[in-house]
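In this note's numbering, the protein residues as written are 1 to 283. Heads up, the thing below is written out as structure tokens.
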């Protein structure tokens with residue numbers, strides 16, 4: 001039994017990795033990383049404008065830092081500062097031309113994910129360009145709404161802790177659990193986002209059970225890679241290598257690593273579906 005599981009896992013991971021290299025997965029990871037970086041700030045411009053349109057709240061430096069707290073500190077600090085600078089300069093409404101343009105450029109990041117996943121799932125996308133672009137814009141709006149919800153929940157947790165400390169001293173023992181909620185919320189939203197992206201972004205039809213293995217592997221390897229990358233940065237003098245571009249280069253390298261893992265998650269799902277269909281087909 002264990003031997004069969006080992007052999008099955010070996011075939012799946014071997015197929016996924018070999019297909020990743022054959023189809024220039026590293027080039028697509030670079031494309032996703034750069035497109036994601038270029039789409040990042042337009043997405044925040046649109047997301048904050050969308051939050052003001054909904055009457056939710058205005059983003060402050062503290063709220064921005066709460067959103068990027070899961071990233072390595074060397075990336076989170078300069079990134080949060082640049083986000084604050086961008087949002088300070090931009091205070092337009094949700095329907096201004098610049099915000100509409102920001103939504104369009106943010107959708108380019110979604111299109112990069114679509115291209116990479118189509119390659120990973122080994123499908124040809126025959127849907128119209130107009131449909132794909134409108135779907136990407138819809139995902140941007142959905143992501144902006146998710147950003148508002150996540151911001152509200154991440155900011156609500158510290159306020160709840162403070163209220164409990166002031167008025168409910170007997171609840172102090174549960175404060176650690178409440179702090180854990182902040183990370184749980186982020187993980188749940190990330191899981192749902194990956195589920196939506198893998199299910200509906202690439203061409204073809206897949207069941208939820210088909211995409212779960214790759215998503216679980218992606219999230220686990222993302223976590224381990226983030227820890228390893230943060231440890232690597234504490235040992236590597238990257239500032240002397242990249243000088244004034246250090247923060248940007250570190251962000252690009254980190255996004256490249258995340259993108260490569262994301263694509264491999266799709267490759268794993270595709271390999272599992274391939275071998276399952278192969279063994280179930282009559283021979």
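Don't be surprised by glycine CBs; every beta carbon is placed ideally from N, CA and C.
For residue 236, there is no enclosing alpha helix (DSSP H), since its DSSP letter is neither H nor E. Contact check for residue 257 and residue 230: beta-carbon distance about 12 Å, past the 8 Å limit, so the pair fails to qualify. If you compare the alpha carbons of 39, 74, 35 with that of residue 235, the shortest gap goes to 74. Take residue 83, set aside five residues on each side of it, and the residues of its chain with a beta-carbon closer than 6 Å to its own are 44, 64, in chain order. When the beta-carbon positions are compared, residue 199 and residue 209 stay at least 8 Å from each other. Residue 114: member of the alpha helix (DSSP H) spanning 97-120, first to last residue. In the structure shown, residue 204 falls within a coil segment according to DSSP collapsed to helix, strand and coil. A direct Cα-to-Cα measurement between residue 40 and residue 12 gives close to 33 Å. Here residue 130 is exposed: its Cβ has fewer than 16 other Cβ atoms, across all protein chains shown, within 10 Å.
Beyond the five residues adjoining it in sequence on each side, residue 187 comes within less than 8 Å, by CB distance, of 219 in the same chain, given in chain order. In its chain, beyond the 5 residues on either side, 265, 268 have a beta carbon closer than 7 Å to the beta carbon of residue 217.
Here the C-alpha atom of residue 123 lies approximately 21 Å from the C-alpha atom of residue 193.
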